[in-house]
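Every number in this note's numbering is 102 more than the matching position in the sequence shown, counting from 1. By construction, the Cβ of each residue, glycine as well, lies at the ideal position given by its N, Cα and C atoms. Keep in mind that this is a model prediction, so the values were computed, not measured. A short write-up of the structure that comes next.
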Amino acid sequence: MLGRRRTQGHAGHTKHGEAAEPRSDRRGFLGWAGRVGMGAVGVAAGVTALQQPGEAAVKWRCCNLYFGNPNCPISSTGNPYCRKGTMRVWYCCSGSRKYACGECTGGSSCGSGPFYCSAGWVVRANSC
Numbered sequence: 103m104l105g106r107r108r109t110q111g112h113a114g115h116t117k118h119g120e121a122a123e124p125r126s127d128r129r130g131f132l133g134w135a136g137r138v139g140m141g142a143v144g145v146a147a148g149v150t151a152l153q154q155p156g157e158a159a160v161k162w163r164c165c166n167l168y169f170g171n172p173n174c175p176i177s178s179t180g181n182p183y184c185r186k187g188t189m190r191v192w193y194c195c196s197g198s199r200k201y202a203c204g205e206c207t208g209g210s211s212c213g214s215g216p217f218y219c220s221a222g223w224v225v226r227a228n229s230c
């Protein structure tokens with residue numbers, strides 16, 4: 103039945119030239135509700151996809167990191183680094199600790215991708 107339009111069943115037959123009345127039975131309502139529900143899910147998914155990663159990401163300490171937990175490689179000196187992209191850094195406070203948050207990204211800011219890894223570290227223990 104690919105490409106064919108489904109016609110109304112025996113309860114909704116019309117004669118040639120007459121307008122078909124909308125179905126008012128339970129199945130018609132459930133079908134309508136299902137289509138509306140799927141549309142709402144699609145809209146919600148589209149809105150989520152358009153949000154910046156910081157808004158949709160998982161929180162680590164006070165940082166909203168794209169990958170949730172820091173996952174960038176650590177150098178021999180103990181600093182996170184990017185194998186690809188550029189480290190974009192911002193700062194936040196949680197309690198008395200100041201944290202550095204970072205994303206290795208190919209974009210022009212910490213909120214634009216593509217994203218390669220996330221980083222986070224304590225800057226100062228008692229600086230907030």
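In three-state terms, what does DSSP make of residue i?
i	result
residue 217	strand
residue 163	coil
residue 186	coil
residue 201	strand
residue 206	strand
residue 194	strand
residue 170	coil
residue 156	Because the pLDDT at residue 156 is just 44, under 50, the model does not fix this residue reliably, and the point stays unresolved.
residue 222	strand
Are residue i and residue j closer than 8 Å when you measure CB to CB?
i	j	result
residue 215	residue 222	no
residue 162	residue 171	yes
residue 199	residue 227	yes
residue 165	residue 195	no
residue 193	residue 206	no
If we count the other Cβ atoms within 10 Å of its Cβ and call it buried at 16 or more, is residue i buried or exposed?
i	result
residue 220	buried
residue 180	exposed
residue 197	exposed
residue 182	buried
Quick one: Cα of residue i to Cα of residue j, how far?
i	j	result
residue 190	residue 230	21 Å
residue 168	residue 177	21 Å
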